[in-house]
Amino acid sequence: MRPNRTLEIGTGLFVLLGFAALLFLTTQLPASGLKFGRAMLGYHVTAEFDDIGDLKVGSPVAVAGVRIGEVSGIRFDSKEYKAVVILRIDPQYNQIPEDSFASIQTTGLLGGKYIGLSPGGLDSYLKDGGRIEQTQSAIVLESLVNKFFANYASKGGDSQSRGDDNRNKVESKK
């Protein structure tokens, strides 16, 4: 009876340890928003955008292609009708000029969104609670395609009729 009790306790501890490890790992996923360790480090700055496209909490913040932080929050400003994006910047990147430019960019043609920072030239740097004034909203692929087709249609986008016009011009020169 004694060996079975030890085996049961050992098995129970193993299962409990497995659940604890699983819980810890799920809180480390970018979409969970529950992070321990480095997520609490760094400083937060805000940036306002007219359109954030498909930007999500956990999306990267990068300078020159190097990840320096992540999007830690997104809220809507009902007075200005803009999206306010909260960026958490890793503490080692504490010399980003105050006049830096933030834009929402896409990884590849159809990839995920991220915030790209272009450093400014001032000698004063962003601090915790600071704000990036210069921003460029996301370029939404669907709106570009719609604008292209609307422009094409407004200019008589029928290629057959343009071909006939060109043929008439050539024949009239003969």
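Using my numbering, the letters of the sequence shown correspond one by one to residues 600 to 773. Built from N, CA and C at the ideal position, the CB exists for glycine as well.
Please name the residue, chosen from the options, that lies closest to residue i on a Cα-to-Cα basis.
{"i": "I685", "options": "I695, S658 and L709", "result": "S658"}
{"i": "D676", "options": "V744, D649 and V665", "result": "D649"}
{"i": "E697", "options": "F613, V614, L725 and S717", "result": "L725"}
{"i": "I695", "options": "L721, V739, E679 and G664", "result": "L721"}
{"i": "N693", "options": "G710, G668 and L709", "result": "G668"}
Alpha carbon to alpha carbon, how far is residue j from residue i? Give it in angstroms, no decimals.
{"i": "A749", "j": "S723", "result": "45 Å"}
{"i": "I731", "j": "A752", "result": "39 Å"}
{"i": "E647", "j": "D727", "result": "16 Å"}
{"i": "L640", "j": "N745", "result": "42 Å"}
{"i": "Y642", "j": "G609", "result": "44 Å"}
{"i": "K754", "j": "S742", "result": "18 Å"}
{"i": "G611", "j": "T605", "result": "10 Å"}
{"i": "S699", "j": "L654", "result": "20 Å"}
{"i": "I688", "j": "E607", "result": "47 Å"}
{"i": "R666", "j": "G729", "result": "19 Å"}
{"i": "Y680", "j": "A701", "result": "18 Å"}
{"i": "Q733", "j": "K678", "result": "19 Å"}
{"i": "A747", "j": "L709", "result": "According to the sequence as given, residue 747 is Phe; it is not Ala. Roughly 18 Å between the two C-alpha positions."}
{"i": "L615", "j": "A663", "result": "44 Å"}
Note down, in chain order, each residue of its chain lying with its Cβ closer than 8 Å to the Cβ of residue i, except the 5 sequence neighbours on either side.
{"i": "S631", "result": "Because S631 sits at a pLDDT of 49, beneath the cut-off of 50, its placement in the model cannot be relied upon, and the following sentence gives the value as read from the coordinates. Cβ within range, chain order: T625."}
{"i": "I651", "result": "I673, A682, V684, I703, K712, S736 and A737"}
{"i": "V739", "result": "D650 and G652"}
I think residue i touches residue j, with their Cβ atoms under 8 Å apart; what is that distance to the nearest whole Å?
{"i": "V670", "j": "V656", "result": "5 Å"}
{"i": "G715", "j": "A661", "result": "6 Å"}
Within a Cβ cutoff of 6 Å, which residues of the same chain sit near residue i, ignoring the five residues on either side of it in sequence?
{"i": "P690", "result": "L640 and G641"}
{"i": "S717", "result": "F700"}
Please list, in chain order, all residues of the same chain as residue i whose beta carbon is under 7 Å from its beta carbon, the five residues on each side excluded.
{"i": "N603", "result": "none"}
{"i": "V644", "result": "L686, I688, L725, G729, R730 and I731"}
{"i": "F613", "result": "none"}
ask   = Is the segment 692-706 in contact with the segment 612-623, if contact means three or more CB pairs nearer than 8 Å?
value = No, they do not touch.
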